[in-house]
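Undergrad:
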Amino acid sequence: MARETPLNKYRNIGIMAHIDAGKTTTTERILYYTGKSYKIGEVHDGNATMDWMEQEQERGITITSAATTCFWNDHRINIIDTPGHVDFTIEVERSLRVLDSAVAVFDSVAGVEPQSETVWRQADKYDVPRICFVNKMDRTGADFFRCVDMIVDRLGASPLVTQLPIGAEAEFVGLIDLISMKAIIWKDETLGAEFEKSDIPDDLADQAAEYRKQLVETALEQDDAALEAYLEGQEPDEETLNKCIRSGTIAGDFVPVLLGSAFKNKGVQPLLDAVISYLPSPTDVPAIKGIKVDSEEEIERKSSDDEFFSALAFKIMNDSFVGSLTFIRIYSGVLEAGTSIMNTVKGKRERVGRMLLMHSNSREDVKEARAGDILALAGLKDTTTGDTLSDANNQVILECMEFPDPVIEISVEPKTQSDQEKMGVALNRLAAEDPSFRVTSDIESGQTIIKGMGELHLEIIVDRMLREFQVDANIGQPQVAYRETISKNADVDYTHKKQTGGHGQFARVKLFLWEPASTSQSRLSETASQVRLMAMSDDAAYFRGDVPARTSTTLPRVEFEADPGLLELNVAIEDESGDVIDRAVEELIVPDFTGPEVALSTPAVFRAQNALLMKQIVADPDALLTAGRYFLQNDQLLVRVEAYAPGDAAEVTARLLSRESTLITDLEVTGSGADIREFSVVLSPYPRGDYLIEITAAADGAEAKTLVAFRIQG
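So in our numbering, the last spot in the sequence shown is 760, and the numbers never skip.
1. I believe residue 232 touches residue 220 by the beta-carbon criterion, under 8 angstroms. Please report the beta-carbon distance rounded to the nearest angstrom.
2. Whose CA, out of 551, 555 and 125, lies closest to the CA of residue 540?
3. Assuming the contact rule is C-beta atoms closer than 8 angstroms, residue 95 and residue 366 should be a hit. Round their C-beta distance to whole Å, please.
4. Given residue 442, which residues of its chain have a CB within under 8 angstroms of its CB, disregarding the five upstream and five downstream residues?
5. Please classify residue 444: does DSSP put it in a helix, a strand, or coil?
6. I want to see whether chain C comes within less than 9 angstroms of residue 188, judged by CB atoms only; does it?
7. So, helix, strand or coil for residue 147, using DSSP?
8. Whole-angstrom Cβ separation of residue 188 and residue 162, contact assumed at under 8 angstroms?
9. Do residue 724 and residue 685 have their C-beta atoms within less than 9 angstroms of each other?
10. With distances taken from CA atoms, which of 64, 318 and 362 is nearest residue 479?
11. Suppose the cutoff is 8 angstroms on Cβ atoms and the five residues either side in sequence are ignored; what does the same chain contact list for residue 59 look like?
12. If you draw a straight line from the alpha carbon of residue 697 to that of residue 371, how long is it in whole angstroms?
13. Residue 254 and residue 210 - do their beta-carbons sit closer together than 9 angstroms?
14. Counting only the same chain and skipping the five closest in sequence on each side, list residues whose C-beta sits under 7 angstroms from that of residue 439.
15. For a test of the three-state rule: what should DSSP assign to residue 103, helix, strand or coil?
16. So who's on the other strand from residue 166, going by DSSP bridges?
17. Count the other C-beta atoms from every protein chain shown that fall within 10 angstroms of the C-beta of residue 428, then say buried if there are 16 or more, exposed otherwise.
18. With a CB to CB cut of under 6 angstroms and the five nearest residues on each side skipped, what residues in its chain are close to residue 392?
19. At 3 residues or longer, and completely inside the segment 194-262: list those beta strand (DSSP E) runs for me, N to C.
20. Can you look up residue 172 in the DSSP assignment and give me helix, strand or coil?
21. Measure the C-alpha to C-alpha separation of residue 490 and residue 533 and round it to an integer number of angstroms.
22. At a cut of 8 angstroms, does the segment 96-110 reach the segment 158-174 through at least three beta carbon pairs?
23. For residue 53, collect the residues of the same chain with a Cβ closer than 7 angstroms to its Cβ; drop the 5 residues on either side in sequence, then sort them by chain order.
24. Contact defined as beta carbons within less than 8 angstroms: I believe residue 215 pairs with residue 186. What is the distance between those atoms, to the nearest angstrom?
25. Less than 6 angstroms between C-beta atoms, sequence neighbours within five positions excluded: which residues of the same chain meet that for residue 293?
26. Among all the DSSP beta bridges, which residues are the ones paired with residue 116?
27. Please report the distance separating the alpha-carbon of residue 409 from that of residue 420.
28. To the nearest angstrom, how far is the alpha carbon of residue 655 from that of residue 707?
29. Count the other CB atoms within 10 Å of the CB of residue 359; is the residue buried (16 or more) or exposed (fewer)?
30. Secondary structure at residue 410, three-state DSSP: helix, strand or coil?
31. Within the chosen definition, does the segment 114-121 reach the segment 259-277 through at least 3 CB pairs nearer than 8 angstroms?
32. With respect to the beta strand (DSSP E) encompassing residue 539, which residues constitute its N-terminal and C-terminal limits?
33. Terminal residues of the continuous beta strand (DSSP E) containing residue 365?
34. With a 10 Å radius around its C-beta and 16 neighbouring C-beta atoms as the bar for buried, classify residue 456 as buried or exposed.
35. Could you name the residues of the same chain whose beta carbon sits closer than 8 angstroms to that of residue 542, not counting the 5 residues immediately before and after it, in chain order?
36. State the Cα-Cα distance for the pair residue 398 and residue 295, rounded to the nearest angstrom.
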């Protein structure tokens, strides 16, 4: 299937601005004048095409970025309309990461506002060429020239004025095009679809001549031959001027400034012309850089159908009809529906199901997409925001995205028991959509904590939980845990005696106080030299012994001999001077297999911590031994497994099971070649209760399974 639109006629643009500057209104006019929409939607009426979420329609603001495609003068324009509220700045960040250019919209009354500066810096970060559109010229207090001065003072930019207003505030009727030196007057009765070009009004002729001279002198600096001809008295034609302005815009030497009133349907068509004339196509921007997966060698992928396929996933959206949609920007190559591609960040193969060209929240199926396209893929299971998708035989990893840390947090809990499980699913899906939204579980209070960029951000999240997932939740301030800190280790051995006649009665209490696990873990690998073991049997007979600790690649490990069955151990970790640096009581089931050697993890990483009660309850290695180490990090249970095989390195898999041994999910195990494997379980999505982790190690025909039981008590 041949390409319909040449790549040099593509324009991938974003609309960015401070909140209420008129981004969505401008986009609505673009869709109307390009024929994409048959009517003009208004933000204040709640029927804007690009504001499709219920929360957007009710509040009259853009919350999530929306993509669409339209055509103007045989050019294809892929547009992403971004939010202007500071709470949703992540939407601007990830959109600018995949766009070739942007239109910065300014309110002619307010000028450069705080979020205007933020999005401008984001565009600077990704070297995105841009043009400025001074909007709302019909408002009382509109001042085009003040706005241009603010672009210089606050943004440090070099504005190139290409238009001048005719009239201001309620008298604003059109503009002067300094390229053609013509006045453009719009007809209100045609909703701005028709306009007239005429000579410049006499009272504005001198001003137009002055700004025209500034424009010509600045633009022609991009072309030495044209500048020399101008200095010799030859006036440049429109084609030469447009070519020079385009060159300077792409190079970032200046930003063209246009004006209008999107709400009054004035100035949008010249804005579209400027997008085509001044902003770059995918072939005009530098080739995307990445690294090879196997060698980490830096390579480039040019915007061409002839290159190997590469794309970046920049957004995840949950669609009630299609499921999870992954928005991608294709940088090179061709993608067809039904093909398999590689997620080079995760190292997993993905199969492309449906390929969808998005128009806000409506979808159009396509069978093929090429370099420069922005579209959504259905059916990807392991891809998240920032992942690279690549040809499986020519893999590349593109530069990942950076996301800001949340600044505010609240606690959330379901109102009813039936909402408990649904809330975990809802929060997981919302977190997958929005990288600036985080979910954690407070291991001390047991509360589920959600974190975001502001109060409005979290308010929208809670509202979406109710509307989209039918989860009614209470919100509140997170509880603060107060505690005293144990300053040093201590051992207490006390015997309480009570004489009641005869032999009397007594009770013995032995108490150990030790350092927190996080402190002990870092010290164990460096200082532990001896592990003293005391095994306790039913007849109260004891054996004692000092066993040298064999240090593995992580923490010390002890090997000893024991008969099959349940073994209870008092374990003390000593440093070289003989001081005890950690203690624990552990239960270990010694399996009945050939060879009595048993490996025991150091207790600092095997101990139950706060919200979790963990105990290894089954071990059946059968000539293949696995030793697990478990500890908490935020709301994740981290598991490190050492798999010892008599021959080749063991292959380790892990599954999360319910108490009834029903499969909940497969867990991703990392590490290969060496003995060490790792995986983690995110706890926050799951309700309180008992769970199992099944760890399977296989090598050379042998297989060992270990079950780890843990309880979420929050």
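In this text, a Cβ means the ideal position worked out from N, Cα and C, and glycines have one as well. Note that the structure is predicted; figures quoted are calculated from it, not measured.
TA: In brief:
1. Reading the sequence shown from its first residue, position 186 is the one you call residue 232. Reading the sequence shown from its first residue, position 174 is the one you call residue 220. Right, the Cβ-Cβ distance comes to about 6 angstroms (below 8 angstroms), so this counts as a contact.
2. Taking the sequence shown and counting its residues from 1, the one referred to as residue 540 is at position 494. Minimum Cα distance to residue 540 is reached at 555.
3. Within the sequence shown, the letter at position 49 stands for residue 95. Within the sequence shown, the letter at position 320 stands for residue 366. Going by Cβ atoms, the distance from residue 95 to residue 366 rounds to 19 angstroms, so no, they are not a contact pair.
4. Sequence index remark: in the sequence shown, residue 442 carries index 396 (1-based). Correct list, in chain order: 336, 337, 338, 339, 345, 347, 354, 356, 390, 434 and 436.
5. Numbered from its first residue, the sequence shown carries residue 444 at position 398. Looking at residue 444 - three-state DSSP - the assignment turns out to be strand.
6. Any reference to chain C falls outside this structure, which holds one protein chain only.
7. In the sequence shown, residue 147 corresponds to position 101, counting from 1. In the structure shown, residue 147 sits in a strand (DSSP, three-state: E or B).
8. Against the sequence shown, residue 188 aligns to sequence position 142. Against the sequence shown, residue 162 aligns to sequence position 116. With 8 angstroms as the limit, residue 188 and residue 162 do not qualify as a contact, their Cβ atoms being about 16 angstroms apart.
9. Your numbering for residue 724 matches position 678 in the sequence shown. Your numbering for residue 685 matches position 639 in the sequence shown. In contact: residue 724 and residue 685 (Cβ atoms closer than 9 angstroms).
10. On the sequence shown, residue 479 is found 433 positions in, with the first residue counted as 1. When C-alpha distances from residue 479 are compared across 64, 318 and 362, the shortest belongs to 362.
11. Stepping through the sequence shown from its first residue, residue 59 is reached at position 13. Cβ neighbours of residue 59 beyond the five flanking positions: 123, 124, 125, 126, 145, 146, 147, 148, 149, 321 and 325.
12. Looking up residue 697 in the sequence shown gives position 651. Looking up residue 371 in the sequence shown gives position 325. Approximately 33 angstroms between the Cα atoms of the pair.
13. Residue numbering aside, residue 210 sits at position 164 when the sequence shown is read from its first letter. Residue numbering aside, residue 254 sits at position 208 when the sequence shown is read from its first letter. Cβ atoms of residue 210 and residue 254: closer than 9 angstroms.
14. Taking the first residue of the sequence shown as 1, we reach residue 439 at position 393. There are no such residues.
15. On the sequence shown, position 57 is the one that residue 103 refers to. Residue 103 falls in the helix class under three-state DSSP.
16. Within the sequence shown, numbered from 1, the residue matching residue 166 stands at position 120. Beta-bridge pairing links residue 166 to no other residue.
17. One-based indexing of the sequence shown puts residue 428 at position 382. Residue 428 comes out exposed.
18. Stepping through the sequence shown from its first residue, residue 392 is reached at position 346. Around residue 392: 428.
19. 205-207, 209-212, 220-223, 228-232 and 241-244
20. Within the sequence shown, the letter at position 126 stands for residue 172. Residue 172: coil per DSSP, three-state reduction.
21. Taking the first residue of the sequence shown as position 1, residue 490 is located at position 444. Taking the first residue of the sequence shown as position 1, residue 533 is located at position 487. C-alpha separation (whole angstroms): 20 angstroms.
22. Counting C-beta pairs closer than 8 angstroms gives fewer than three between the segment 96-110 and the segment 158-174, which falls short of the contact rule.
23. Position 7 of the sequence shown, counting from 1, holds the residue named residue 53. Cβ within range, chain order: 327, 328, 329, 349, 417 and 418.
24. Start at 1 with the first residue of the sequence shown, and residue 215 comes out as number 169. Start at 1 with the first residue of the sequence shown, and residue 186 comes out as number 140. Taking a contact as a CB-CB distance under 8 angstroms, the pair residue 215 and residue 186 counts as one, their CB atoms being some 5 angstroms apart.
25. Taking the sequence shown and counting its residues from 1, the one referred to as residue 293 is at position 247. Hits under 6 angstroms: 268.
26. As a first step, residue 116 is located in the sequence shown; it is residue number 70 there, counting from the start. When beta bridges are read from the DSSP output, residue 116 appears opposite 123.
27. To locate residue 409, count along the sequence shown from 1; it is residue 363. To locate residue 420, count along the sequence shown from 1; it is residue 374. Per the coordinates, the alpha-carbon of residue 409 lies some 13 angstroms from the alpha-carbon of residue 420.
28. Along the sequence shown, read from residue 1 onward, the residue named residue 655 stands at position 609. Along the sequence shown, read from residue 1 onward, the residue named residue 707 stands at position 661. Low local confidence applies: a pLDDT of 22 at residue 655 is under 50, so the model's placement there is unreliable, with the coordinate-based value given in what follows. Cα to Cα, the separation comes out at about 23 angstroms.
29. Locating residue 359 in the sequence shown gives position 313, counting from the first residue. Buried.
30. To locate residue 410, count along the sequence shown from 1; it is residue 364. Correct three-state label for residue 410: strand.
31. In short, these stretches do not touch, since the Cβ pair count stays below three.
32. Taking the sequence shown and counting its residues from 1, one reaches residue 539 at position 493. Where residue 539 is concerned, the enclosing beta strand (DSSP E) stretches over 536-544.
33. The count along the sequence shown starts at 1 and reaches residue 365 at position 319. Per DSSP, residue 365 belongs to the beta strand (DSSP E) from 356-365.
34. Residue 456 sits at position 410 when you count from the first residue of the sequence shown. It is buried - the Cβ of residue 456 has at least 16 other Cβ atoms within 10 Å.
35. Sequence index remark: in the sequence shown, residue 542 carries index 496 (1-based). Here the set comprises 552, 553, 554 and 555.
36. Here residue 398 refers to the residue found at position 352 of the sequence shown. Here residue 295 refers to the residue found at position 249 of the sequence shown. Cα-Cα distance, rounded: 37 angstroms.
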